[in-house]
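So the mapping is simple: the working numbering equals the position in the sequence shown, first residue as 1, plus 16. Think of the CB as a built atom: it goes at the ideal place given N, C-alpha and C, for glycine as much as any other residue. Structure first, commentary second.
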Amino acid sequence: MPSFHLKTYGCQMNVYDSARMENLLKPLGYHSTDDMDSADLILFNTCTVREKAKHKLMSEIGKLKELKQKKEVVLAIGGCVAQEEAEKLFRKAPHIDIVFGVDQIDQLPQLISQVREHKTQISLTAFDTDPTFSLSYLIPDRCPTSAYVTIIKGCDKFCSFCIVPMTRGLEKSRSPQEIIGEIQKLVQGGTQEVTLLGQNVNSYDYKKIYFPELLRKVDQIPGLRRIRFTSPHPQDFNDEMISCYVGLPRLCKHLHLPVQSGNNDVLHRMRRWYTVEDYVQKINKLREAVPAVSVSTDIIVGFPGETLLQFENTLHLLETVNYDFVYSFKYSERSGTRAARDFEDDVPEAEKERRLAILQRLQDRISLHKNKMLEGTLEEVLIEKQSLDGKLQGRTDSFKIVHFEGNPSCIGQFKMVRLDKALPHSFLGTALDQQRSSKVYFQQPASKI
Ligand code: 5AD
Ligand code: SF4
17 MPSFHLKTYG
27 CQMNVYDSAR
37 MENLLKPLGY
47 HSTDDMDSAD
57 LILFNTCTVR
67 EKAKHKLMSE
77 IGKLKELKQK
87 KEVVLAIGGC
97 VAQEEAEKLF
107 RKAPHIDIVF
117 GVDQIDQLPQ
127 LISQVREHKT
137 QISLTAFDTD
147 PTFSLSYLIP
157 DRCPTSAYVT
167 IIKGCDKFCS
177 FCIVPMTRGL
187 EKSRSPQEII
197 GEIQKLVQGG
207 TQEVTLLGQN
217 VNSYDYKKIY
227 FPELLRKVDQ
237 IPGLRRIRFT
247 SPHPQDFNDE
257 MISCYVGLPR
267 LCKHLHLPVQ
277 SGNNDVLHRM
287 RRWYTVEDYV
297 QKINKLREAV
307 PAVSVSTDII
317 VGFPGETLLQ
327 FENTLHLLET
337 VNYDFVYSFK
347 YSERSGTRAA
357 RDFEDDVPEA
367 EKERRLAILQ
377 RLQDRISLHK
387 NKMLEGTLEE
397 VLIEKQSLDG
407 KLQGRTDSFK
417 IVHFEGNPSC
427 IGQFKMVRLD
437 KALPHSFLGT
447 ALDQQRSSKV
457 YFQQPASKI
């Protein structure tokens, strides 16, 4: 039985695409292996959103030259680096067999057999040109407790720092029928929670069906317990989206809304067409409607020309919004983007690192403070896996990670858990036994009345 070793870099979209690749390979008799040296097929699903990720990948590919000389193995590179570099990858690493783009995943089995039969190199990275797209998603034998489902790919926003419109192409929405069909099958296979995925989910537009309408349709799927989405864009986050949080019981009370900077000049140079004030107003409105909602964001520090004062405006924004958590990055110049063309990458690396550390320290304090306010409360946790220390790990509706003792047979189930100790990025908790948990669970709405 042939084996494959699949390594995934980058975002959730790549995780989803890798799951698709696995689902295509398994019916061909391939089994997955963690041991790269023994695999018959090595697949890298790559990311180029920041330069460092690309460097790491190129060094990993370089190391495989020796293995290729020793044994027969097919080396295939997919994802964003493949899309960006195309045939140039063969020049940099002539031992690669297949370079395939984000629109060629379905063709992977044919590409592999062509390489095996004809001993050639293949590069296929053209974007398809249809304004909508269709995905063949084969449902795996064991469906994940929490599954990703792509609803839109590509991006039309062209933020000046971002390579995504170049590597993923322009926006294309997938039909609601296909999305709902995939979720129904996942739910039948045991999935409890789905995260609707896209570079820009709230730009979803399938023949004038927009994102809120799609959310309402997904909320109707019998058996589905939780809905999440990532990532929306602040510009397209409107009142109708807030109504969804109020009206759709399965939509989780968490919003990840990337802001990128807390200064209006920087936002303008980033080509993010909203102001800090618009953004804060939207969050306030959501919180008025749904007080328990948790809010998170993405921040870039050291964007070209970012002054100390502008950086401090970002720190101020973190305190104003009082985020639950923040993903933060040092600006990384990507060639082909407008920022690379128009601005000098003039914040020194050491200064970017200093700003990142200050921002992360501040956010850790804010997160810990917010989490501490939840100590002692009961939360319904969806158990996703066993963590390295043997404890069970799950998430609350508001996306907080909780670790607690329990039987691994509970993975995939909901449990009421008391949040005992808050940490900056998670909680330690205690699961209530089944009897008590259902009692507390049903008592809660009653006590509200
Ligand atoms: N440099 C640093 N961070 C970036 N991101 C996207 N492009 C860059 C870049 N060139 C960050 C943004 C985005 C997240 C997915 O990655 O914050 O929201
Ligand atoms: Fe990149 Fe901006 Fe599109 Fe997000 S919205 S994927 S940051 S171009």
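Just to confirm the assignment, what range does the beta strand (DSSP E) spanning Val210 have?
Residue numbering aside, residue 210 sits at position 194 when the sequence shown is read from its first letter. It spans Glu209 to Leu213 - the beta strand (DSSP E) in which Val210 sits, taken as one unbroken run.
Q.
Quick check: the region 67-79 against the region 103-120, are at least 3 beta-carbon pairs closer than 8 Å?
A. yes
- [ ] Identify which residue in Glu349, Gln402, Tyr343 and Phe149 has its Cα closest to the Cα of Ala373.
- [x] Translated into positions along the sequence shown, residue 373 becomes position 357. That would be Tyr343, whose Cα lies nearest to the Cα of Ala373.
Notebook entry, point to check: Should Val65 be listed as close to the ligand 5AD, given that the test is whether its C-beta is under 8 Å from any heavy atom?
Noted result: Locating residue 65 in the sequence shown gives position 49, where the first residue counts as 1. Yes, the ligand 5AD has a heavy atom inside 8 Å of this Cβ.
### Query
From this set, Ala55, Ser34 and Gln28, which residue's C-alpha is nearest Met17's C-alpha?
Numbered from 1 along the sequence shown, position 1 holds the residue referred to as residue 17. Considering only alpha carbons, the answer is Ala55.
Can you tell me whether Arg132 sits near the ligand MN, meaning its C-beta is under 8 Å from at least one heavy atom of the ligand?
Looking at this structure, you won't find the ligand MN anywhere; what it does contain is the ligand 5AD and the ligand SF4.
| query | Whose C-alpha, out of Pro248, Thr330 and Met257, is nearest the C-alpha of Ala278? | reply | What you label residue 278 is simply residue 262 of the sequence shown in a count that begins at 1. For clarity, residue 278 is Gly in the given sequence; the question names Ala instead. Selected option, being the one with the closest Cα: Thr330.
*Leaving out the 5 sequence neighbours to the left and right, which residues in its chain are closer than 6 Å to Gly94 when beta-carbon positions are compared?*
To locate residue 94, count along the sequence shown from 1; it is residue 78. So the list reads Asn61 and Phe116, once near-sequence residues are dropped.
Euclidean distance between Cα positions of Lys431 and Val234: Indexing the sequence shown from 1 puts residue 431 at position 415. Indexing the sequence shown from 1 puts residue 234 at position 218. Their Cα atoms are separated by approximately 24 Å.
What span of residues does the alpha helix (DSSP H) with Leu384 cover, start to end? The sequence position of residue 384 within the sequence shown is 368, counting from 1. Element bounds for Leu384: Glu365 to Lys388.
The beta strand (DSSP E) enclosing Lys23, as first and last residue numbers
As a first step, residue 23 is located in the sequence shown; it is residue number 7 there, counting from the start. Lys23 -> beta strand (DSSP E) spans Ser19 to Thr24.
Fill in: Closest residue to Glu367 among Leu390, Phe319, Glu88 and Thr49 (Cα-Cα distance)
As a working mapping, residue 367 is identified with position 351 in the sequence shown. If we check each option's Cα against that of Glu367, Phe319 comes out closest.
- Query: Along the chain, where does the beta strand (DSSP E) that runs through Ile128 open and close?
  - Reply: On the sequence shown, position 112 is the one that residue 128 refers to. Careful: Ile128 lies outside any beta strand (DSSP E), inside the alpha helix (DSSP H) at Leu124 to His134.
Discussion item. For Lys386 and Phe245, I'd like the C-alpha separation in whole angstroms.
Written reply: As a working note, residue 386 is residue 370 in the sequence shown. As a working note, residue 245 is residue 229 in the sequence shown. Cα to Cα, Lys386 sits roughly 22 Å from Phe245.
Measuring alpha carbon to alpha carbon, tell me which residue in Ile114, Leu435, Lys135 and Gly206 is nearest Arg158. The residue labelled residue 158 in the question sits at position 142 within the sequence shown. Checked all of Ile114, Leu435, Lys135 and Gly206; the closest Cα to Arg158 is Gly206.
**Request:** Take Glu304 as the anchor and find which of Tyr290, Met286, Asp380 and Lys269 has the nearest alpha-carbon.
**Result:** Locating residue 304 in the sequence shown gives position 288, where the first residue counts as 1. Per the Cα distances, Lys269.
Query - Environment of His249 [buried if 16+ CB atoms lie within 10 Å] - result: The count along the sequence shown starts at 1 and reaches residue 249 at position 233. So His249 ends up on the buried side.
Tell me whether Gln99, by its Cβ, gets closer than 8 Å to a heavy atom of the ligand SF4. On the sequence shown, position 83 is the one that residue 99 refers to. The beta carbon of Gln99 sits no closer than 8 Å to any heavy atom of the ligand SF4.
So, are the CB atoms of Leu186 and Gly197 less than 9 Å apart?
Within the sequence shown, the letter at position 170 stands for residue 186. Within the sequence shown, the letter at position 181 stands for residue 197. Going by C-beta atoms, Leu186 is not nearer than 9 Å to Gly197.
Distance cut-off 8 Å: Glu369 Cβ against heavy atoms of the ligand 5AD
Counted from its first residue, the sequence shown places residue 369 at position 353. No, the ligand 5AD has no heavy atom inside 8 Å of this Cβ.
On the CB-based measure, 16 or more other CB atoms within 10 Å of its CB, does His272 come out buried or exposed?
Translated into positions along the sequence shown, residue 272 becomes position 256. Counting Cβ neighbours within 10 Å, His272 comes out buried, since at least 16 surround it.
Tell me the DSSP secondary structure of Phe106 in three-state form. Residue 106 sits at position 90 when you count from the first residue of the sequence shown. Three-state DSSP puts Phe106 in a helix.
Self-check item: C-beta atoms of Arg411 and Ser162 nearer than 9 Å
Solution: Translated into positions along the sequence shown, residue 411 becomes position 395. Translated into positions along the sequence shown, residue 162 becomes position 146. Their beta carbons are under 9 Å apart, which means Arg411 touches Ser162 by this criterion.
Would you mind sorting Asp33 into buried or exposed? The rule is 16 or more other CB atoms within 10 Å of its CB. In the sequence shown, the residue the question calls residue 33 occupies position 17. Buried.
Worksheet item: Looking at Lys173 and the ligand 5AD, is the gap between the Cβ and the nearest heavy atom below 8 Å?
Response: What you label residue 173 is simply residue 157 of the sequence shown in a count that begins at 1. Relative to the non-hydrogen atoms of the ligand 5AD, the Cβ of Lys173 never comes closer than 8 Å to any of them.
Between which two residues does the alpha helix (DSSP H) carrying Met182 extend?
Mapped onto the sequence shown, residue 182 falls at position 166. Where Met182 is concerned, the enclosing alpha helix (DSSP H) stretches over Val180 to Arg184.
Check: Which residues in the same chain as Thr393 place their Cβ atom closer than 8 Å to its Cβ, once the five residues preceding and following it in sequence are excluded?
Finding: The residue given as residue 393 occupies position 377 in the sequence shown. Arg434 and Leu435.
Can you tell me whether Asn300 is helix, strand or coil according to DSSP?
Working through the sequence shown from its first residue, we reach residue 300 at position 284. Asn300 falls in the helix class under three-state DSSP.
Using 9 Å as the threshold, is the C-beta distance between Leu127 and Ala92 below it? Reading the sequence shown from its first residue, position 111 is the one you call residue 127. Reading the sequence shown from its first residue, position 76 is the one you call residue 92. Going by C-beta atoms, Leu127 is nearer than 9 Å to Ala92.
- What is the DSSP secondary structure of Val65, counted as helix, strand or coil? On the sequence shown, residue 65 is found 49 positions in, with the first residue counted as 1. Coil, per DSSP.
Open item on the list: Nearer than 8 Å: is that true of the beta carbon of Gln215 relative to any heavy atom of the ligand SF4?
Closed with: Mapped onto the sequence shown, residue 215 falls at position 199. Under cutoff, so the answer is yes.
How about Ser247: is its Cβ closer than 8 Å to a heavy atom in the ligand 5AD?
Along the sequence shown, read from residue 1 onward, the residue named residue 247 stands at position 231. Answer for Ser247: yes, Cβ within range of the ligand 5AD.
Terminal residues of the continuous alpha helix (DSSP H) containing Val275? The residue given as residue 275 occupies position 259 in the sequence shown. First-last for Val275: undefined, no H or E at that position.
### Task
Mind checking who His270 pairs with in its DSSP beta bridge?
On the sequence shown, position 254 is the one that residue 270 refers to. Answer by DSSP bridge pairing, in chain order: Ser310.
Sort out for me which residues DSSP pairs Phe480 with in a bridge. Limits of the chain in this structure are 17 at one end and 465 at the other, which puts residue 480 out of reach.
Q) Where are the alpha helix (DSSP H) runs, 4 residues long or more, that stay fully inside the region 217-258, in chain order? A) 227-235
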